[in-house]
Structures are given as C-alpha cells and as structure tokens.
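Below is one structure, written out as structure tokens; comments come after it.
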Amino acid sequence: MIVDTHAHLYYEDILNNIDEILKRAEDAGIEKIIAPAVDYKTSMQLLELTAKYPMVYAALGIHPTDVNKYEYSELEKIEKLFDNDKVVGVGETGLDYYWDTSYNDKQKEFFRLHIEIAKARELPVIIHTRNSIDDAIQVVKDNYSEKLKGQFHCFDGTTEQLDKVMELKTFYVSFTGNVTYKKYAFADTVVKVPMNRILSETDSPFLSPIPHRGKPNEPSYIVNTIKKVAEFKNVNEDEMKKSFRENVTSLFKI
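Sequential numbering of the sequence shown, starting at 0, is according to numbering that gives the first Met the number 0.
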C-alpha cells in the first residue's frame, strides 16, 4: 500500500471534489494521505478532514511564504491543536527565498520555532526548501537533537546537498511529479538516495506528473511518480513501494 506524504487537500480544486479524489486514491492503492497545513485556518480545515476521512492525516504549521502575515501568536494558536491522534507532523515549515527575501530572518525564526514544537511533541518536521536548501540544512543542524526527525519535501538538491541531509540520520527526502519531466535536473540525486531514506509524495494540487501535467495534481497520480523513481533507481515498482511504505512507518508511525 502507498502513502502520499504531502498533499494540500484544502485547496479548492481538491476540496470541491474530495470524495471523488479520495476514491480515486484508494483505487490507485493509496492507503493514507498526510496533508500539511500552511496556517491556522488550514490547520483547522485539516482537522475537520481527518475526522471525516480515516485515510487522511495532518501536519500543522505555517508555510514559510506566509510567516510575514503573522505574529508568533499564530503559531501558538496552532500548537494548541496538536493533541489529536491524526496529527502526525509539524509543518509545512522551512525556508523559501524564491518570491521574497526581505523577511528571511523571520522565516528562519519561525522555522526554528516549528523545530522546537517537533522536538517537544516528538513528531517529524516537514521542510520546504525553495532556493534555500543550504540555509535550511544549517538551521536543522543548529537545532539538531536525537529527538528531531523529519522530511525535506519536494527535494531538488544536488548530490552534494543530499549528502549533507543524509548526515542528519533521522531525516528523509521525498520527490514529486517533476521527476517525470523531460528537463528534470536531479536524477543523479534520486539515484543516490538510500532506499531507507526516501519517501513518496505528490504535493497536490501542484507538480502533476506526466501524463497529467497541466491539470491539478491529486494523490492518485503518485503512481506515475513512483514508477519514474523506481526507473531512476533501477528497481521494480513493488520493491520501491515496499521501501516507501517502510520509511513512512519509520518516520510518521502510521
């Protein structure tokens, strides 16, 4: 069985068709979906979804591109929501230098605060790293402890940057539908990831894999991504799925 470790189920494209989308996911062999929040509002939406749909789990936090909208009290509100068995992670947090670099320091502080919640709750932290991988790795290193574990989601780093993540023994990387694109630049990174440190995700509704590119992504499309990752790693799909499932159990305990 497959787990999509990163799908934003509260986006309108998905939420308006959630029953059909989850049915297609089940038909594709998906057992569970982890949906990360981006703020307090989406955290509340996800808790409603997890209560209604057994296959849906949540991670709670504030996305790095949204931290400039909020004071630290917003994260304190979210922290009060963690006493729920369907909450299995902290995030989506991290650093994003693509859109605006004027509040990088605030992003780093929010990232650090998410890490502290993750350590206190003994939950994995889900990390976004757009144009910021080296700084994100450094923040993790600066705040590392044996209790800290997590996922660098939608990983688009070089093999050298991957090596730095692999030095963090309790961290994993995951790949999305862009691995299927003709101009995908990080095949060597996918090849190099140890089989026991790799996760599967869609990042729905973004980054739809071929042959669905141009349409909103959804969890059922993860099978196309898994097929391509298995091809890069020169293993059969069943072996790839087995590693993905074992790694999800190890990290998220589901």
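From the three backbone atoms N, C-alpha and C, an ideal C-beta is built for every residue, glycine too. For clarity, every value in this text was computed on a predicted model and none was experimentally measured.
Item                                                                                                            : Value
Buried versus exposed call for Asn-235 [16 or more other C-beta atoms within 10 Å across all chains shown]      : exposed
Gln-106 to Ile-61 span [Cα, whole Å]                                                                            : 10 Å
Distance between Asn-246 and Leu-80 (C-alpha atoms, nearest Å)                                                  : 26 Å
Proximity winner among Lys-252, Ser-203, Val-222 and Met-194, relative to Ile-13 (alpha-carbon distances)       : Ser-203
Cβ-based neighbour list, Ala-27, same chain, cut-off 6 Å, excluding 5 preceding and 5 following                 : Ser-219 and Val-222
Nearest neighbour of Gly-156, chosen from Leu-122, Lys-191 and Lys-226 [CA to CA]                               : Lys-191
DSSP beta-bridge partners of Thr-128                                                                            : Leu-94
Contact between the stretch 43-50 and the stretch 77-91 (3+ Cβ pairs under 8 Å)                                 : yes
Separation of Val-55 from His-7, as counted between CA atoms                                                    : 11 Å
Sequence-distant residues of the same chain with beta carbon closer than 8 Å to Val-254, five excluded per side : Residue 254 falls outside the range modelled here, since the chain spans only 0 to 253, and no answer is possible.
Nearest candidate by alpha-carbon position, reference Asn-130, set Asn-16, Phe-151 and Glu-78                   : Phe-151
Beta strand (DSSP E) segment containing Tyr-171, residue limits                                                 : 170-174
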